[in-house]
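**Q**
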Amino acid sequence: MQIEFSGAAREVTGSCHILRVGSGSKQRTVLLDCGLFQGRRAESREKNRQLPLPVDEIDGIILSHAHIDHAGRLPYLVAQGYKGSIWATAATRDLCAIMLADSAHIQEKDAEFLAKHRDEFIEPLYRIEDTTRTLEHMIGMPYNKWFEVTDGVRASFTEAGHILGSASVVLELREGDQFRRLVFSGDVGRSNLPIIRDPHPPEHGADVIICESTYGNRDHESVEGAREQLAEVVRTTAARGGRVLIPAFAVGRTQELVYDLHALRRDGKIPEIPIFIDSPLATDATAVFAMHPETFDQNEALVRNTPNLFEFPMVKFTRDVSESKKLNTMHGPMIVIAASGMAESGRILHHLRYGASDPRNTILVVGFMAEHTLGRRIVEQRSVLRIFGEEVPLAASVEVLLGYSAHADRTELHAWLRAVRRGGAAEGRNHPTIHLVHGEAEAQDAFAEQLRGDGFRVEIPSPGTTVTL
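Mapping the sequence shown onto the numbering used here, position 373 (from 1) lands on 361, and the numbers just tick up by one.
1. Going by C-alpha to C-alpha distance, which of Asp165, Pro262, Asp442, Pro301 sits closest to Ile325?
2. What span of residues does the alpha helix (DSSP H) with Gly411 cover, start to end?
3. According to DSSP, which residues form a beta bridge with Ile184?
4. For Asn459, which option in Asn296, Pro301, Ala344 has the closest C-alpha, if you only look at C-alpha atoms?
5. With DSSP as the reference, please indicate the residues paired to Ser385 in a beta bridge.
6. Answer yes if the segment 215 to 227 comes into contact with the segment 244 to 262, meaning at least three C-beta pairs across the two stretches below 8 angstroms, and no otherwise.
7. Please report the distance separating the alpha-carbon of Glu117 from that of Ala67.
8. Sort Ala331, Glu100, Ile(-9) by Cα distance to Val367 and report the nearest one.
9. Along the chain, where does the beta strand (DSSP E) containing Gln166 start, and where does it finish?
10. Quick check: the segment 110 to 128 against the segment 142 to 151, are there 3 or more CB pairs under 8 angstroms?
11. Could you tell me which residues DSSP puts in a beta bridge with Cys84?
12. In terms of residues, what are the limits of the alpha helix (DSSP H) holding Glu430?
13. Quick one: grab the DSSP three-state call for Ser(-6).
14. Pick out the complete beta strand (DSSP E) segments inside the segment 40 to 74, 3 residues or longer, and give them in chain order.
15. Going along the chain, which unbroken runs of the beta strand (DSSP E) with 3 or more residues stay wholly within the segment 190 to 274?
16. Is the Cβ-Cβ distance between Leu41 and Ile74 less than 8 angstroms?
17. Taking DSSP's pairing of strands, which residues face Leu7 in a bridge?
18. Is it the case that the segment 390 to 398 contacts the segment 168 to 183, given that we only count it when at least three CB pairs across the two stretches are under 8 angstroms?
19. How many Å lie between Thr138 and Glu100 at the Cα?
Okay, here's the thing in structure tokens:
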């Protein structure tokens, strides 16, 4: 039994881990995620075209959730001839229907732009028709139900609490008379996030854990504190007649923000100003959220008592390009939430080009910004931002609210790992080896030191590292 770490090793994008069970003609190979690499464009483009292995060697794929850095290369595998099953939760499958199509659309439009303006043609990684065929391979499964992936491998999903449909994966592996239990964390969320349920650590322990470490070197502000800070940013910016510009993932973060703005307005804590959700993908994703109330946290009063969580008079969803362009001709305070989450593409770029130089405005960062992205340069408050090839001075205020992160922080991740360890005590599986993935080197090194101090065995694989279970 072996694991090869193909993506999200010493970095936070391109999640992909290769599991091999058996040998010779009886060897079976399963992928855990197959996401897009993001960051420097030329470098990411080259990495995304490198298949983790030949598609005819893959016997099954298990997807933890729908974010593009976890699911974004699946259509490329299908375009290259993958014919097997892709296992996910039902909500993840429904989100992939819109997110993968959006990813293909962006790639096709980028190719058209380069061909028109730079006389350079770059074939999209995949096209819309490839995403449609990918969905035909996806099998939606409920949480906490075992399913057979391939010979010697069965799996089940537990609630990860990260986004709608997100899951941690428990795998039971058999090779001859050997048995191992592997837990793949996926992306672990936080307790008390709006809308979705809290993370539920697998209960029966593990021999090996592949664990994300995005925030392994820091703790977040409280979820409750983030809502109050959001209210303060809105009040302050509105008072000076400015806009709150929020780069946000269309799936998860946008819905959480709308939910909290709904609650704040209901409680009279923010003024009644327009809130524009300027993202067709976010509009579609909100509809998918409404389709899956079974995943909502029924402990929240707003969930229990409000039939339409995402609809109230201040909110307007803009789908057409013409509607989006009109926003930059409007006057007065407003909130604009637009994708992408790391400000690397999408409509947020147009709003930043128009609004980053206005000192009345606030750019509100509500999530992790990877290295080499425009979002990271905003967090670093560079004096000049390069947007669409233009130099735009950064005069707007920049506020960072990490209480909105959908990733567990170091204390929450540590508690999650302890819970998995405790669950394995009865079977003697309370000394798992942990492989840290999905994190930058600084965060991983700090988290590894913390975990080793608590008696965990910790490894930090580099890209291409193969370990034997």
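Ideal Cβ placement from N, Cα and C applies to all residues, glycine included.
**A** The short version:
1. Pro262
2. Per DSSP, Gly411 belongs to the alpha helix (DSSP H) from 398 to 411.
3. DSSP links Ile184 through a beta bridge to Phe284.
4. The chain is shown from -11 up to 457; residue 459 falls before or after that span and cannot be answered.
5. Thr350
6. yes
7. 9 angstroms
8. Nearest C-alpha to Val367: Ala331.
9. 166 to 172
10. no
11. In DSSP, Cys84 forms no bridge with anything.
12. 429 to 440
13. strand
14. For the segment 40 to 74, the continuous beta strand (DSSP E) assignments of 3+ residues that do not extend past its boundaries occur at 48 to 50, in sequence order.
15. 196 to 200, 231 to 235, 263 to 266
16. no
17. DSSP, once it has assigned bridges, lists Ile(-9), Val18 as partnering Leu7.
18. Under the three-pair Cβ rule at 8 angstroms, the segment 168 to 183 counts as touching the segment 390 to 398.
19. Taking the straight line from one Cα to the other gives about 41 angstroms.
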